[in-house]
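**Student:** Below are the structure tokens for one structure; questions will follow.
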Amino acid sequence: AAAGPGLSVTASSSALTGTVLKAATATAVGTGFYLFQAMVSSTTSVFDIRGDGLTTLSQGSLVLTTGGLSLTAGGITAAGSIVFSSTTAATTATTGALQVAGGIGVGGDIYCAATAHVQTLDQYSDLRLKQAIRDIGVTRAEFDALRPVEYEWKRRSKELGVQAGFVAQEVQRVWPHLVHADGDGTLSLNYNGITPYVVARVQALERELDDVNAEKDSLLHDVELLKSEAELAKAEMERVKLEVANMQARMERWETKLEVHEATVR
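Residue numbers (full-length UniProt numbering): 1 to 266.
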């Protein structure tokens, strides 16, 4: 078997400015022929370029040791997984192993093992997407079961510093539907899902406060009535005391007259 290349094409000049290898056809662009086809057998294609420019790598991988891959149109469509092995850190929207100038549409779930930095985070909340809607009721026991804590991540603790939040296992005992277990069993917490429960509890406290204020106003009204009645009773008592004093004075005058009359009769 020959050890060298089956076909070798070498430019005749080190200052070549033209084309080293050119495949041309008088046929119009089409899908019925190939401009280039590399085979490892009579039936197994490794690499080919179709007449319309479609390039297919059927075996192996595409490895770029230097430079990069630029697509000016068409984009990339992958039926399998795309893995980026670069460990370049991202500190802005234009740094990191993957940089996207436009938007990203994702039809499935996204898992992020580090920190996600976003300007605005929206969740679908359209009535047309929901069913089994019901009001939330939060008991004092449920609300008190929430334990806000400060903590540090075991990984990257120096970089991330002190964090604040809840412990997923503790929330799971109260509202298990807010806790999700990943494929490796790691628990994650829907922090946005806690907000409606907090709002419901605050609204309930506001209603309780309104009831207390209404009861207080009623008691104050009763106190004012009692004070008014007490003032009236006091005034009535003063009037009675005055009448008693007047009656006592009249009785004393009658007693005096009676004594004088008796003395005259004797």
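Even glycine gets a Cβ: it sits at the ideal position worked out from N, Cα and C. This structure is a prediction, so every number in the text was calculated from the model and none was measured.
Do three or more CB pairs link the region 157-167 to the region 215-232 at distances below 8 angstroms?
**Tutor:** Counting Cβ pairs under 8 angstroms, fewer than three are found: no touch.
**Student:** Which term fits residue 71, buried or exposed, when burial requires 16 or more other beta carbons within 10 angstroms of its beta carbon?
**Tutor:** Residue 71 is exposed by the Cβ-count criterion.
**Student:** From residue 114 to residue 56, what does the alpha carbon distance come to, in whole angstroms?
**Tutor:** The alpha-carbon atoms of residue 114 and residue 56 are separated by roughly 36 angstroms.
**Student:** Check each candidate in 112, 128 and 102 and name the one with the smallest Cα separation from residue 182.
**Tutor:** Minimum Cα distance to residue 182 is reached at 112.
**Student:** Looking at C-alpha atoms only, which residue of 184, 177 and 186 is the closest neighbour of residue 193?
**Tutor:** Ranking 184, 177 and 186 by Cα distance to residue 193 puts 177 first.
**Student:** Determine, using beta-carbon pairs with one atom in the region 135-150 and one in the region 199-213, whether at least three such pairs fall under 8 angstroms.
**Tutor:** As far as the Cβ criterion goes, the region 135-150 touches the region 199-213, which means the pair count is three or higher.
**Student:** If residue 62 and residue 84 are in contact, beta carbons under 8 angstroms, what's the gap, nearest whole angstrom?
**Tutor:** The Cβ separation is near 14 angstroms, so there is no contact.
**Student:** Of all the beta strand (DSSP E) runs that stay within the bounds of the region 52-111, which reach a length of 3 or more residues?
**Tutor:** Qualifying beta strand (DSSP E) stretches, in chain order: 55-57.
**Student:** According to DSSP, residue 143 sits in a beta bridge with which residue or residues?
**Tutor:** Residue 143 pairs with nothing; no bridge assigned.
**Student:** Would you mind stating whether residue 33 and residue 51 have Cβ atoms separated by less than 7 angstroms?
**Tutor:** In contact: residue 33 and residue 51 (Cβ atoms closer than 7 angstroms).
**Student:** Which term fits residue 29, buried or exposed, when burial requires 16 or more other beta carbons within 10 angstroms of its beta carbon?
**Tutor:** So residue 29 ends up on the exposed side.
**Student:** How would you call residue 1, buried or exposed, if buried means at least 16 neighbouring beta carbons within 10 angstroms?
**Tutor:** Since pLDDT at residue 1 reaches only 48, below the 50 mark, its modelled position is unreliable, and no value is offered.
**Student:** I'd like the span of the alpha helix (DSSP H) that includes residue 137, first residue to last.
**Tutor:** Looking at the DSSP string, residue 137 is not in any alpha helix (DSSP H), and its letter there is neither H nor E.
**Student:** Spell out the partners DSSP gives residue 165 in its beta bridges.
**Tutor:** According to DSSP, residue 165 bridges with 149.
**Student:** When DSSP labels each residue in this structure, what does residue 34 get in the three-state scheme?
**Tutor:** Reduced to three states, the DSSP call for residue 34 is strand.
**Student:** Using the Cα positions of residue 23 and residue 124, report the straight-line distance between them to the nearest angstrom.
**Tutor:** Taking the straight line joining both Cα atoms gives about 53 angstroms.
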